[in-house]
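Taking this note's numbering, the leading residue of the sequence shown gets 2, the next gets one more, and so forth.
Where is the CB? At the ideal position from N, CA and C, for every residue including glycine.
Since the structure is predicted, the reported quantities are computational estimates derived from the model, not experimental observations.
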Amino acid sequence: MIATPRVRGFIVAVISVLALGVRASWAQETSVTALDVMTGRSYPITFPAAISKVSVANADIADVVVISERELVINAKVAGETDAIVYLTSGVRQHYRISVLSSSQRQQIVVAIKFAEVRRDVLREIGTSALYRDADVAVGSGLFGAQTNIPRGSPVSVSGATQFLSVLTDFDTDRLLAFISLQEQKGRARSLAEPKLMAANREKASFLAGGELPIPVAQGSNTGNAPISIQYREFGVRLTFTGEIINDSLVKLTIEPEVSSLDFGNAIIISGFRVPAFRTRRISTTVDVRRNESLIISGMFNDEQERVRTGIPLLMDLPILGSLFSSTRYQKAESELLVVVTPTVFNPLRPRRQDILPMRPDTALPAREAIEKRLPGSATAPKRP
């Protein structure tokens with residue numbers, strides 16, 4: 002069949018009308034709006050014009066209730082994704098991509114940790130303010146027994162125990178960190194490590210800042226010459242944690258901080274090799290912490306004796322006679338390890354605001370100027386930190 006000029010003209014006209022209809026339809030829907038709603042929550046939306054009709058792809062995941070002429074509410078039911086399209090009397094169409102998330106789905110836990118070694122006399126100064134601060138303090142298990150709330154201004158008596166674990170979950174962390182920073186400048190404290198760890202919900206993450214010591218190990222043999230193998234033992238600052246998101250505001254943390262160092266004073270000789278011992282301070286605890294609030298772990302003490310020799314320069318170094326011009330004293334150094342843990346919750350699938358490209362209503366491609374802004378070397382490109 003051969004189309005006549007009149008038929009061809011009619012076909013072209015129909016195609017043009019359809020193209021204009023598609024173009025007009027695209028102009029009505031400016032963009033797709035992404036919404037993240039937790040299960041069991043509602044999300045209200047107000048429109049500039051009256052609502053004509055609403056279409057929901059899967060009402061089992063989320064349903065939409067029109068509560069007034071220009072307002073509706075999205076109710077999240079179960080985890081999943083669905084689309085909702087709202088038609089307004091003005092001819093505008095709004096398209097929403099709804100992601101219903103459970104309390105722990107697609108979220109990750111970020112933990113900021115600070116290890117600090119502080120002198121005991123410094124901690125006695127902040128220890129009093131910690132128990133007599135101007136708010137209630139929740140004290141965890143340890144020296145104080147079961148969890149107890151200390152009312153405002155109430156005195157607290159602490160026994161002379163030398164080893165205990167105290168956990169303060171309601172503490173002015175910013176003040177403490179500022180105090181530690183000040184003591185570092187005075188030489189009365191030192192920061193051991195400040196890592197930030199990220200892990201998926203209910204997964205384990207670990208951190209180690211230190212080294213590995215080779216240890217010779219004799220293998221079993223009936224002969225006199227036993228073969229020697231080398232095993233490596235890690236030491237330094239270590240932390241292992243497992244986090245679980247309980248709800249929107251609470252995170253359950255299982256934390257195992259550890260600080261170990263080499264102790265050559267208690268070294269042993271194995272097959273001619275001098276192998277040092279390890280001095281280790283370790284704690285394992287499971288607590289519930291609110292998001293963006295800090296957990297403070299203390300009570301890991303370290304007592305060392307330092308041999309200090311003083312005297313007249315040059316003369317004190319003379320052989321035999323040097324002891325007449327010098328004196329030796331032993332100085333006891335007491336320090337305590339503080340671990341400050343601050344958990345936050347992060348959603349990796351939620352795009353950053355600067356990464357969302359605007360869409361033109363007359364094309365399916367991102368706006369050219371939006372792409373140019375993201376190109377490296379552009380005058381308007383965002384600067385990397």
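1) Enumerate, from N- to C-terminal direction, the unbroken beta strand (DSSP E) stretches of 3 or more residues contained entirely within the segment 69 to 112.
2) How should Lys187 be labelled, buried or exposed, when 16 other C-beta atoms within 10 angstroms of its C-beta is the threshold for buried?
3) Please say whether Gly237 and Leu254 have beta carbons closer to each other than 8 Å?
4) Buried or exposed for Val101, going by 16 or more other Cβ atoms inside 10 Å?
5) Identify which residue in Val340, Phe302, Ser328 and Pro344 has its Cα closest to the Cα of Arg121.
6) Using only the alpha-carbon positions, how far apart do Glu82 and Val65 sit?
7) Within its chain, find whatever has a CB closer than 6 Å to the CB of Ser261; leave out the 5 residues flanking it on each side and keep chain order.
8) Which residue marks the beginning of the beta strand (DSSP E) containing Gln220, and which one marks its end?
9) Using only CA atoms, which one of Val218, Ser69, Arg310 and Pro258 lies nearest to Ile270?
10) Assuming Leu240 contacts Ile114 under a Cβ cut-off of 8 Å, what Cβ separation, rounded to an integer in Å, is found between them?
11) Tell me, which residues are paired with Ala58 by DSSP?
12) Quick one: what does DSSP say Ile298 is sitting in, helix, strand or coil?
13) Opposite Lys187 in the DSSP bridges: which residues?
14) Just to confirm before moving on: does the CB-CB distance between Ala80 and Ser43 stay below 8 Å?
15) Leaving out the 5 sequence neighbours to the left and right, which residues in its chain are closer than 8 Å to Tyr233 when beta-carbon positions are compared?
16) Mind checking Val33: buried by the 16 CB within 10 Å criterion, or exposed?
17) Straight-line CA distance for Thr364 to Arg71?
18) Give the range of the beta strand (DSSP E) segment to which Asn46 is assigned.
19) Pull up the distance between the alpha-carbon of Val74 and that of Val67, whole angstroms please.
20) Considering only C-alpha positions, which residue in the set Ser69, Leu178, Leu89 and Ala60 is nearest to Ile52?
21) Using the three-state DSSP reduction, which class does Leu319 fall into: helix, strand or coil?
22) With H, G and I counted as helix, E and B as strand and the rest as coil, what does DSSP make of Ala194?
23) DSSP three-state call for Ala179: helix, strand or coil?
24) When you compare the CB positions of Thr47 and Lys78, do they come within less than 8 Å of one another, or not?
25) Assign Ser26 to one of three DSSP states: helix, strand, or coil.
26) Among residues of its own chain, excluding the 5 on either side of Val159, which ones have a beta-carbon nearer than 6 Å to its beta-carbon?
27) Expressed to the nearest angstrom, what Euclidean distance is found between the alpha-carbon atoms of Leu316 and Gly323?
28) Which whole-angstrom value is the C-beta distance of Phe116 and Val340, which I expect to be below 8 Å?
29) For Gly266, count neighbouring C-beta atoms within 10 Å of its own C-beta (all shown protein chains included) and say buried if the count is 16 or more, exposed if not.
30) Could you give the DSSP three-state label for Arg203: helix, strand or coil?
31) For Ser53, does the three-state DSSP call read helix, strand or coil?
32) Under 7 Å: does the beta carbon of Ser230 sit that close to some heavy atom of the ligand ADP?
33) According to DSSP, is Asp249 helix, strand or coil?
34) For Val112 versus Phe242, is the C-beta distance shorter than 8 Å?
35) Please classify Ser299 as buried or exposed, where buried requires at least 16 neighbouring CB atoms within 10 angstroms.
36) Give the straight-line distance between the Cα atoms of Glu259 and Ile284, rounded to the nearest whole angstrom.
Inspection of the coordinates gives the following:
1) Whole beta strand (DSSP E) segments, 3+ residues: 72 to 77, 81 to 89 and 94 to 102.
2) Counting Cβ neighbours within 10 Å, Lys187 comes out exposed, since fewer than 16 surround it.
3) No; because the gap between Cβ atoms is not below 8 Å, this pair is not in contact.
4) Buried.
5) The option with the nearest alpha carbon to Arg121 is Phe302.
6) Approximately 14 Å, taken between the alpha carbons.
7) The residues are Phe236, Phe279 and Thr281.
8) No beta strand (DSSP E) contains Gln220, which DSSP labels as neither H nor E.
9) Residue Val218 is the option with its Cα nearest to Ile270.
10) Contact flag correct, Cβ pair sits at about 6 Å.
11) Its beta-bridge partners do not exist; DSSP assigns none.
12) The answer is strand: DSSP assigns Ile298 an E or B state.
13) BP columns for Lys187 are empty, so no partner.
14) Their beta carbons are not under 8 Å apart, which means Ala80 does not touch Ser43 by this criterion.
15) Shown here for Tyr233: same chain residues with a beta carbon closer than 8 Å to its own, the five before and five after excluded, namely Glu213, Leu214, Pro215 and Ile216 in chain order.
16) Within 10 angstroms of the beta-carbon of Val33 lie fewer than 16 other beta-carbons, which makes it exposed.
17) Low local confidence applies: a pLDDT of 46 at Thr364 is under 50, so the model's placement there is unreliable, with the coordinate-based value given in what follows. Rounded to whole angstroms, Thr364 and Arg71 show a C-alpha spacing of 28 Å.
18) Before going on, a small fix: residue 46 reads as Ile here, not Asn. Segment Ser43 to Thr47, the beta strand (DSSP E) holding Ile46.
19) Pairing Val74 with Val67, the inter-Cα distance amounts to about 6 Å.
20) Per the C-alpha coordinates, the member of Ser69, Leu178, Leu89 and Ala60 positioned closest to Ile52 is Leu89.
21) If DSSP states are grouped into helix, strand and coil, Leu319 belongs with coil.
22) For Ala194, the three-state secondary structure derived from DSSP is strand.
23) In this structure, Ala179 counts as helix in the three-state DSSP scheme.
24) Their beta carbons are not under 8 Å apart, which means Thr47 does not touch Lys78 by this criterion.
25) Note that Ser26 scores a pLDDT of 46, beneath 50, so its modelled location is shaky and nothing firm can be said.
26) In this prediction, Val159 has a pLDDT of 42, which is less than 50 and means its spatial position is unreliable; nothing more can be read from the coordinates.
27) Rounded to whole angstroms, the separation of the alpha carbons of Gly323 and Leu316 is 6 Å.
28) Contact check for Phe116 and Val340: beta-carbon distance about 6 Å, within the 8 Å limit, so the pair qualifies.
29) Counting Cβ neighbours within 10 Å, Gly266 comes out exposed, since fewer than 16 surround it.
30) In this structure, Arg203 counts as coil in the three-state DSSP scheme.
31) Looking at Ser53 - three-state DSSP - the assignment turns out to be strand.
32) No copy of the ligand ADP occurs in the structure displayed, which carries no ligand at all.
33) The answer is coil: DSSP assigns Asp249 none of H, G, I, E or B.
34) Cβ distance < 8 Å, so Val112 and Phe242 count as in contact.
35) Counting the other Cβ atoms within 10 Å of the Cβ of Ser299 gives 16 or more, which makes it buried.
36) Going by the C-alpha atoms only, they are around 7 Å apart.
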